[in-house]
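Quick note, the sequence shown lines up with residues 44 to 614 if you use the working numbering.
Cβ coordinates follow ideal geometry from the N, Cα and C atoms, glycine included.
Keep in mind that this is a model prediction, so the values were computed, not measured.
The structure appears below as structure tokens.
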Amino acid sequence: MQKAHLIGGPFRLGIDDTPGRKIVGSAFADSARSFGLALILGLLTVAAPCYSSPSVDTEASTAATAVDRPNIIFLLTDDQRADTLSIAGHPQIQTPHIDALARGGVRYTNAFTVQPICAPSRFAFLSGQYERTSGLGFNSPYQVTDSQWSETYPALLRDAGYHTGFIGKFGVQFYALEGGASKQFDFWRAHDGWLPFFPKDLPENPATAIYRNAEHSITTEIMGEMVSEFFATRPTDSPFMLSVSFSAPHNSVVSSMFPEGAAPDCDHYACRVMGYPANANPRLAGHPVYDELYREHPIPPAPDTGQDPYKFIPEGVIDHDARQKWYAYNYLPALQPEHLIRYYQTITGVDEVVGSLVAQLRAQGLDKNTVIIFSSDHGLLNGEYGTGGKALLYDLVTKIPLVVYDPRVPADETGQINKDLVLSIDVPASILAYAGITAPERMEGEALQHQESPRDSVFLESLTVAEGNPFIEALRTERWKYVRYFAAEGCPYTEEQLDFSDREPIFEQLFDVHADPAERSNLVNVAEHATVLAELRERTRATSKAMTDKGRHHKDEVPVAMRPKDSAYCW
């Protein structure tokens, strides 16, 4: 299928552009670059919060000097699957700027989030810890404390003299930090909760407050505007660490592109948010991304869309009436193509901001010493297995895009594809290693650039039992995946309920991901795989038990704090 021609030319990183791709002008990219350049030249003056930075902790940092230490940018999307980059082979989505980072760096094709749902995944990226260790999750009884925060990558880099900034969706939600989250950074243009496509349309929503005076109206473009502000106001005598956390392509964004578009006779959530083309919104007319892009060719729904979801995971293990609350359109074949168009568009919208960001680095002479990491908090089901959303441990949900671009790497070592099993909790350890900072012992990940031998397996968990989900654990090797499900007990859960060592799972799955990469054939009851099943059962049980014990010890040692009793998300 021929791709629609995209806006905006790829930035140059000393590598060739994709052959044969036609690129036409980008209204947003041009305006964003002009806006950033004007800021750089001092033609615009924007006030930024001025929080005093702590002195450098020489014990936490190595002897690297400010000149030697690179700037670091961590870009995180929301709900973006690993297969939704054009460089990953997607037949429709165009992501030339992210592709260019991958061609100039390393793309990890077996990267997994340790838990595929927003808050626990996002804190794992900050802390390098599973929810079972940190205690931070939607349905947990805990909240993040100052002592825990002190061992996150933003805190450690700030202590080591980095100018730190956070833009977009913070998403941790449950914390008791002195002064709040904003005081933990030198530059803060961020929020908790969910943003709609047009944040300024909801001026009373606390999540949108910090963006009310933005020049742009669309959430992703506002993030790009905040990036320009960060570059224009940063000090020039210290390295910087910028985290940019996009809300796209999350449901809250794609479902709010035309809130007034539903037909008068629409009587359910799915048609209210997805039952019409979003580009019928006059505010999107002529927009290079959100009007006609991806609408010129039919986009079929996933083959499973509309099928009985209980043939994949039985009724009684999972409750699809509850799961449909936010992703009802994923169950309806007639509405799924519109969702996919919007999903693809919002990913391309992120890519445009990435291109603008790199252009600004180049304009300021920062492109030769700025490491860029790109990833997502988790993937998403878009009708596969008859369902939608996240929290399940299929590869489509747990696999994440992960690109690391380091301009200091010799040209003949770029463009690598790394197939090792890596985890989201490896990212914070990697960020610290780039800054020359020793990672705390309580971080559970490993720096990507220092992994001497590949893992033989990764452990995954899903402890969010709201929305009809059970407790789920999985062990994923290069060839096999074993998944076990336990009945949900309690919200908030207790430490005792996280100890699965003496409990029998209510359902199991075994997949040979070499022969069955789509995870369609459950081999649990196939006799010839009994030995593999027994081995993976025991390894999973032992890993789960060890992690539970470690988590309890960690919570006593730190210690963690209990959140107010009414603050567990038990929707």
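Rounded to whole angstroms, what's the CA-CA distance from residue i to residue j? Just pull it up for me.
i	j	result
GLY148	VAL452	8 Å
GLU504	GLN123	19 Å
HIS557	ARG563	12 Å
ALA306	ALA131	37 Å
HIS340	ASN425	19 Å
ASP347	TYR337	22 Å
ILE261	ASN324	13 Å
LEU119	PRO607	29 Å
GLY429	SER496	38 Å
LEU238	GLY267	15 Å
GLN137	SER190	42 Å
PHE117	ILE415	6 Å
ALA162	ASP121	11 Å
SER74	ALA454	Because SER74 carries a pLDDT of 39, less than 50, the predicted location of this residue cannot be relied on, and no value is offered for it.
LEU285	GLY208	5 Å
GLN135	GLN388	10 Å
ALA250	ALA577	48 Å
ALA321	LEU378	12 Å
PRO139	ASN412	22 Å
ALA604	TYR319	46 Å
SER610	LYS212	19 Å
ALA247	PHE241	This sequence places Glu at residue 247; Ala is not what is there. Using only the alpha carbons, I get a separation of about 13 Å.
ALA589	ARG595	10 Å
ASP308	LEU475	54 Å
GLY223	GLY214	13 Å
ASP244	GLY304	15 Å
THR457	GLY533	48 Å
SER399	PHE274	12 Å
For residue i versus residue j, is the C-beta distance shorter than 8 Å?
i	j	result
PHE181	ALA509	yes
ALA291	ILE356	no
HIS206	PHE155	no
TRP523	PHE502	no
VAL465	LEU436	no
HIS597	THR176	yes
THR520	ASP499	yes
GLU539	THR583	no
PRO376	ILE342	no
SER288	MET317	no
TYR370	ASN294	yes
GLU174	LEU506	yes
THR591	ASP545	no
HIS382	ASN373	yes
VAL270	VAL440	no
ARG112	GLY479	yes
ILE549	TYR536	no
GLN552	VAL526	yes
MET203	PRO444	One point to set straight first is that residue 203 is Ala, not Met, in the sequence displayed. No, these two residues do not count as a Cβ contact at 8 Å.
THR263	GLY178	no
ASP410	PRO450	yes
ILE160	ALA365	no
ILE656	TYR477	Absent from the structure is residue 656, since the part of the chain shown begins at 44 and ends at 614.
THR152	ILE460	yes
Could you tell me which residues DSSP pairs with residue i in its beta bridges?
i	result
GLY208	PHE230 and LEU285
ILE416	PHE117 and VAL447
ASN461	TYR151
LEU466	PHE155
ILE361	GLU358
ASP555	TRP523
TYR218	VAL187
GLY431	ASN425
LYS442	PHE155
MET317	The partner list for MET317 (beta bridge, DSSP) is empty, contrary to what the question assumes.
ALA643	For residue 643 there is no data in the structure shown, the boundaries of the chain being 44 and 614.
PHE632	There is no way to answer for residue 632, as the model of the chain reaches only from 44 to 614.
Review point. Contact between the region 225–235 and the region 136–150: three or more CB pairs below 8 Å?
Key: Cβ pair count under 8 Å is below three, so no.
Review point. Which residue spans inside the region 286–313 form an unbroken alpha helix (DSSP H) run of at least 4?
Key: Fully contained in the region 286–313 are the following alpha helix (DSSP H) runs of length 4 or more, in chain order: 294–297.
Review point. Three or more C-beta pairs closer than 8 Å, one from the region 468–488 and one from the region 159–174: is that the case here?
Key: The region 468–488 vs the region 159–174: in contact.
Point to revise | Stretch pair the region 244–255 + the region 304–317: three plus CB contacts closer than 8 Å | key: These segments do not touch.
Check your understanding: Using 8 Å as the Cβ pair cut-off and three pairs as the minimum, do the region 571–578 and the region 214–226 touch?
Key -> Taking 8 Å as the limit for Cβ pairs, the verdict is that the region 214–226 does not touch the region 571–578.
**Study point:** Ordered list of alpha helix (DSSP H) runs contained in the region 146–170, each at least 4 residues
**Key:** If we require 4 residues or more, the alpha helix (DSSP H) runs fully inside the region 146–170 come out as 161–170.
Practice item. Please determine if the region 190–199 and the region 510–518 are in contact, where contact requires at least 3 C-beta pairs separated by less than 8 Å. Key: The region 190–199 is not in contact with the region 510–518.
Check your understanding: Are the region 406–422 and the region 466–473 touching, with three or more C-beta to C-beta distances below 8 Å?
Key -> The region 406–422, when compared against the region 466–473, does touch it at the 8 Å Cβ threshold.
Check your understanding: Enumerated in chain order, which unbroken segments of the beta strand (DSSP E) with a length of 3 residues or greater are wholly contained in the region 480–537?
Key -> Entirely contained in the region 480–537, the beta strand (DSSP E) runs reaching 3 residues are, in chain order, 500–505, 514–520 and 523–529.
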